[in-house]
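> So the sequence shown is residues 0 to 408, counted in numbering that gives the first Met the number 0. Quick reminder that beta carbons are idealized off the backbone N, C-alpha and C, glycines included.
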Amino acid sequence: MKIYRSHILSPIDDTNVQYLRDQAITIDAGSILRIEDYDPLRNPKIIDRSDCLCLPGFIDLHVHLSQYRIRGCYEPALLPWLKRHVFPEEARSSERPYALALAEEFFAALAMAGTTTAVIYTAPFPIACEMAFQTAHETGYRALIGMTMMDQNSDAALLGETRTVLRQSIELYEKWHDASDRLDYIFTPRFAPTCSPALLEGVADYAAAHNAWIQTHLSENPDEIIWVKELFDGDSYAEVYDRYGVLRPKTLLAHCIHLSNREMKLIKKRDAKIVHCPDSNFFLKSGEFPLARIREHGLDYALGSDVGAGTTLSMLYQAKMYNFRSSLSRVDPADALYRITLGAAHLLGWSDRVGSIEAGKSADLVFLEAASLLDSNAEDITSALIFRGHELSVAETLINGKTVHLSKN
Ligand code: GUN
Ligand code: ZN
0 MKIYRSHILS PIDDTNVQYL RDQAITIDAG SILRIEDYDP LRNPKIIDRS
50 DCLCLPGFID LHVHLSQYRI RGCYEPALLP WLKRHVFPEE ARSSERPYAL
100 ALAEEFFAAL AMAGTTTAVI YTAPFPIACE MAFQTAHETG YRALIGMTMM
150 DQNSDAALLG ETRTVLRQSI ELYEKWHDAS DRLDYIFTPR FAPTCSPALL
200 EGVADYAAAH NAWIQTHLSE NPDEIIWVKE LFDGDSYAEV YDRYGVLRPK
250 TLLAHCIHLS NREMKLIKKR DAKIVHCPDS NFFLKSGEFP LARIREHGLD
300 YALGSDVGAG TTLSMLYQAK MYNFRSSLSR VDPADALYRI TLGAAHLLGW
350 SDRVGSIEAG KSADLVFLEA ASLLDSNAED ITSALIFRGH ELSVAETLIN
400 GKTVHLSKN
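1) Anyone know if the C-beta pair for residue 384 and residue 362 falls short of 9 angstroms?
2) Among 332, 394 and 346, which residue has its Cα nearest to the Cα of residue 9?
3) Taking only heavy atoms of the ligand ZN into account, decide whether any of them is closer than 8 angstroms to the Cβ of residue 305.
4) Excluding the five sequence neighbours on either side, which residues of its own chain have a C-beta within less than 6 angstroms of the C-beta of residue 409, listed in chain order?
5) Is the beta carbon of residue 307 closer than 9 angstroms to that of residue 67?
6) Using three-state DSSP, classify residue 227 as helix, strand or coil.
7) Given 8 angstroms as the limit, tell me if residue 218 has its C-beta closer than that to any heavy atom belonging to the ligand ZN.
8) Can you find at least 3 beta carbon pairs, one from the stretch 122-141 and one from the stretch 90-97, that sit closer than 8 angstroms?
9) Tell me, which residues are paired with residue 397 by DSSP?
10) Is it the case that the CB of residue 3 approaches a heavy atom of the ligand GUN more closely than 8 angstroms?
11) Hey, quick one: how far does the beta strand (DSSP E) through residue 433 stretch, first residue to last?
12) Looking at the strands, I want to know which residues DSSP matches up with residue 114.
13) Any heavy atom of the ligand ZN closer than 8 angstroms to the beta-carbon of residue 300?
14) Rounded to whole angstroms, what's the CA-CA distance from residue 157 to residue 97? Just pull it up for me.
15) With a Cβ-Cβ cutoff of 9 angstroms, do residue 304 and residue 279 count as a contact?
16) Rounding to the nearest angstrom, what Cα-Cα distance links residue 70 and residue 221 in this structure?
17) When the distance is taken between beta carbons, is residue 236 closer than 9 angstroms to residue 224?
18) If I follow the unbroken beta strand (DSSP E) through residue 145, where does it start and stop?
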């Protein structure tokens, strides 16, 4: 059992945030046992984080581990960027030592950014995915992790035969699905152009039979959309996925920038979820997320960094970009905080465990050195946090009560 003394900022919903000054947070067996006003008599032995703001650990719903080292490698359009930077880098993760070193570097960086839950792409090799799982397991991470699947239209070094790619993914699913209550496998067909109909159908059938997770990319870049039309007989991009059964309640669709109303209705009908990656979208000049229409259609969305097209793992930076990159629709700080915490937890169906700081939830916490912000109210602190929080140092990050990052200061 341990007790932290700190100041809690925690989302209530997409418009309200709660601020509780000078609290004692008791953690027992990985969970938050109690939250009460700090009292030196009742809580004589504490870990003192009274110069920090305590937030729920951040949730990144879309990040490519195997692209961590190529952040900021410039090529301002998706398809040439994939060819020039991504495919050669992902090919390096076919080697065990490279994949292991990269996984260790990645999870350490994720912890330092205050992210405690992540939905992760690895490279198209079982060893890359396995090293990610092993590292996540050892550090105690909460994550969905998948081996990127490709069986057509890419560099030969990255392609697999359809049945092999399916079998490898199913083996990883079987190994990791029940191995830990914080880890699960997510089937990861990269995107329609690099996946044959047989591969998409195979993934969808298996996911339907096992209620498994799927992640993919949808409607990110104009050239990509034209290519999908050519490859799949003129159907819209969302209809292509639907034709093979890929759109399901546990399917995460990254980007969704150029969707028609018809496609949005289809996604709503299938109850698939959207991951908005604003930093990436502007790095690759993909376009602006249609926030007003996404909201009108009642689609469920939260945020992802999309590193390496995204430039940073900082989810506070991604939350700021969510505001900055919305030129027509209003994005309030409380909404931005919600999309990297409780809103993302809801989207995953995990809000009973993570996303906010409440007794009974898992102790997934981040302590930010924020002495200058503490003497204020919930609204002003949330605003400062969203617009300059990415500059604050992360003093400590906990997952399930275990310290995964501790600042040396
Ligand atoms: N579409 C297909 N693959 C990728 C990828 O690795 N990154 C992004 N941003 N989009 C993709
Ligand atoms: Zn991506």
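Taking the coordinates as given:
1) No; because the gap between Cβ atoms is not below 9 angstroms, this pair is not in contact.
2) Selected option, being the one with the closest Cα: 332.
3) Because some heavy atom of the ligand ZN lies under 8 angstroms away, the Cβ of residue 305 counts as near it: yes.
4) For residue 409 there is no data in the structure shown, the boundaries of the chain being 0 and 408.
5) For the pair residue 67 and residue 307, the CB atoms are nearer than the 9 angstroms cut-off.
6) Three-state DSSP puts residue 227 in a helix.
7) Incorrect: residue 218 has no Cβ contact closer than 8 angstroms to the ligand ZN.
8) As far as the Cβ criterion goes, the stretch 122-141 touches the stretch 90-97, which means the pair count is three or higher.
9) 364 and 402, per the DSSP bridge assignment.
10) Residue 3: no, Cβ never under 8 angstroms from the ligand GUN.
11) It is not possible to answer for residue 433, since the shown part of the chain is limited to 0 through 408.
12) The partner list for residue 114 (beta bridge, DSSP) reads 57.
13) Distance from the C-beta of residue 300 to the nearest heavy atom of the ligand ZN is not below 8 angstroms.
14) When the Cα atoms are used, residue 157 and residue 97 turn out to be separated by approximately 16 angstroms.
15) In contact: residue 304 and residue 279 (Cβ atoms closer than 9 angstroms).
16) Distance between the alpha carbons of residue 70 and residue 221 is about 22 angstroms.
17) Yes; because the gap between Cβ atoms is below 9 angstroms, this pair is in contact.
18) Here the beta strand (DSSP E) through residue 145 covers 141-145.
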